[in-house]
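Q: In my numbering, the protein residues as written are -5 to 131.
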């Protein structure tokens, strides 16, 4: 792991905590396990300001190119649940794949429990998109 812990920007951390707390009601055990793992990682995460956020860390709206052990390379954009659209490769932060990648950096290898079992994902490239995040009061 490039930075030893996951790194999350302050505003995104607060939003992520809210999203995760609402997601505990999912019935699917894979989702619950992914959310629980992220909750545990949040306890040790490094929370930074926007100006101190590394460009190569996966966050909201990031486009992430990944490689799996099965030789599959894909690019996804991590978005809030209301902007999820799999046809456009935009996956919700609540999807196990997005939960697995959030806060990790380009070059990291992430192991996570998916519906198909435990898999390792290599983060090939992280591209930051324009920030459209707004905190809802």
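Heads up, the beta-carbon is just placed ideally off N, CA and C, and yes, glycines get one too.
Is DSSP giving residue 78 helix, strand or coil here?
A: Along the chain shown, one-based indexing puts residue 78 at 84. Here residue 78 sits in coil by DSSP.
Q: How big is the Cα-Cα spacing for residue 14 and residue 65?
A: In the chain shown, counting from the first residue as 1, residue 14 sits at position 20. In the chain shown, counting from the first residue as 1, residue 65 sits at position 71. In this model, residue 14 and residue 65 are separated by some 31 Å (Cα to Cα).
Q: Would you check if the region 46 to 60 and the region 68 to 75 touch, i.e. whether three or more CB-CB distances between them fall below 8 Å?
A: yes
Q: Cβ atoms of residue 99 and residue 117: under 8 Å apart, would you say?
A: Here the question's residue 117 lines up with position 123 in the chain shown. Here the question's residue 99 lines up with position 105 in the chain shown. Cβ distance < 8 Å, so residue 117 and residue 99 count as in contact.
Q: Which residues in the same chain have their Cβ closer than 8 Å to the Cβ of residue 4, if we skip the five residues on either side of it in sequence?
A: Against the chain shown, residue 4 aligns to sequence position 10. The answer, listed in chain order, is 41, 42, 43 and 44.
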